[in-house]
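The block underneath contains the structure these notes are about, expressed in structure tokens.
Residue numbers (this note's numbering): 1 to 240.
Take a look at the structure:
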């Protein structure tokens, strides 16, 4: 009987502590929109296998800058100054300008190339961890995974017009993302907050293309594996 009373007392204490601890955590759903400026950079690697055993390898640094925007949604919990949350976002990118370059191949013939790299169907899932260091000022860090359907298009021709190529490749890739930012309340609407964030998107798998030139003898391959940086501003509505 004494053991039973002791067990009941322990269970009651555990229930009380867990209830009290749970009560300290307050959660809410959220939704928002964001936009900003992004810069994507990577090397375009072109390899040409000429007839008679000759080969050319040309690497050119590519940079692309443009606007990005999207929508986000998620759930977060807070305990005193601490915050922990998870978010899903879908993104649109205004990146993909033509990148032109010129070089001389192993035959001492000039070649001009035009390359374009697209990212479509961009989505990411991430976790957010923050601490309110001052009243209404909450710095945070973010870590997640982004996926997109990436497409590389390469067009090239030489001055003799006997090795023209027009090739492209498309596949879905996955990359890690990380960010650091801060959040403050916005005075426009109850539950509305304003975020500013730097976001880094790591390199994913290479997008590779290959095609036979119009002379039916020369094989040309191209590949690219870019990374990106973004500065974002977001308006988020917290459903509290």
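Heads up, the beta-carbon is just placed ideally off N, CA and C, and yes, glycines get one too.
Buried or exposed (CB count within 10 angstroms, at least 16 for buried), residue 21: The residue you call residue 21 lines up with position 21 of the chain shown. Unreliable positioning characterises residue 21 in this predicted model, as indicated by a pLDDT of 46, which lies under 50. A coordinate reading is not provided.
Contact set for residue 18: own chain, Cβ-Cβ below 6 Å, skip 5 residues either direction: In the chain shown, residue 18 corresponds to position 18, counting from 1. Below a pLDDT of 50, predicted positions are generally treated as unreliable, and residue 18, at 43, falls in that range; no measurement from the model is reported.
Residue 140 classed as buried or exposed, judged by whether at least 16 other C-beta atoms fall within 10 angstroms: Reading the chain shown from its first residue, position 140 is the one you call residue 140. Classification for residue 140: buried.
Contact between the stretch 37-46 and the stretch 62-75 (3+ Cβ pairs under 8 Å): yes
Beta strand (DSSP E) runs wholly inside the stretch 63-104, at least 3 long, in chain order: 82-93 and 99-104
Spatial neighbours of residue 198 in its chain, beta-carbon cut-off 7 Å, leaving aside the 5 residues before and after: Counting from one through the chain shown, the residue named residue 198 turns up at place 198. 179, 180, 181 and 231.
Three-state secondary structure assigned by DSSP to residue 185: Along the chain shown, one-based indexing puts residue 185 at 185. In this structure, residue 185 counts as strand in the three-state DSSP scheme.
Inter-residue Cα distance where the pair is residue 45 and residue 57: Translated into positions along the chain shown, residue 45 becomes position 45. Translated into positions along the chain shown, residue 57 becomes position 57. Approximately 7 Å, taken between the alpha carbons.
Three or more C-beta pairs below 8 Å linking the stretch 131-138 and the stretch 110-120: no
Sequence-distant residues of its chain with Cβ nearer than 6 Å to residue 49 (five each side left out): What you label residue 49 is simply residue 49 of the chain shown in a count that begins at 1. Taken in chain order, the residues that qualify are 55 and 219.
Beta-carbon gap between residue 110 and residue 89 smaller than 8 Å: The residue labelled residue 110 in the question sits at position 110 within the chain shown. The residue labelled residue 89 in the question sits at position 89 within the chain shown. No, the Cβ-Cβ distance between residue 110 and residue 89 is not below 8 Å.
Close-in-space but distant-in-sequence residues of the same chain around residue 158 (CB under 6 Å, 5 per side omitted): Against the chain shown, residue 158 aligns to sequence position 158. Cβ within range, chain order: 109 and 111.
3 or more residues per run - each beta strand (DSSP E) lying fully within the stretch 99-145: 99-104 and 110-131
Alpha carbon of residue 73 to alpha carbon of residue 67, nearest angstrom: Working through the chain shown from its first residue, we reach residue 73 at position 73. Working through the chain shown from its first residue, we reach residue 67 at position 67. Taking the straight line joining both Cα atoms gives about 21 Å.
Residue environment, residue 152, which counts as buried when at least 16 other CB atoms sit within 10 Å: For this step, residue 152 is matched to residue 152 along the chain shown. Buried, by the Cβ-count rule.
Residue 224: first and last residue of the uninterrupted beta strand (DSSP E) it sits in: Translated into positions along the chain shown, residue 224 becomes position 224. Per DSSP, residue 224 belongs to the beta strand (DSSP E) from 219-224.
Rounded straight-line distance, which links the Cα of residue 228 to that of residue 318: Past the edges of the chain, shown from 1 to 240, lies residue 318, and the structure says nothing about it.
Nearest-angstrom Cβ-Cβ length linking residue 214 and residue 164, presumed shorter than 8 Å: Position 214 of the chain shown, counted from the start, is the residue given in the question as residue 214. Position 164 of the chain shown, counted from the start, is the residue given in the question as residue 164. About 5 Å separates the two Cβ atoms, so the contact holds.
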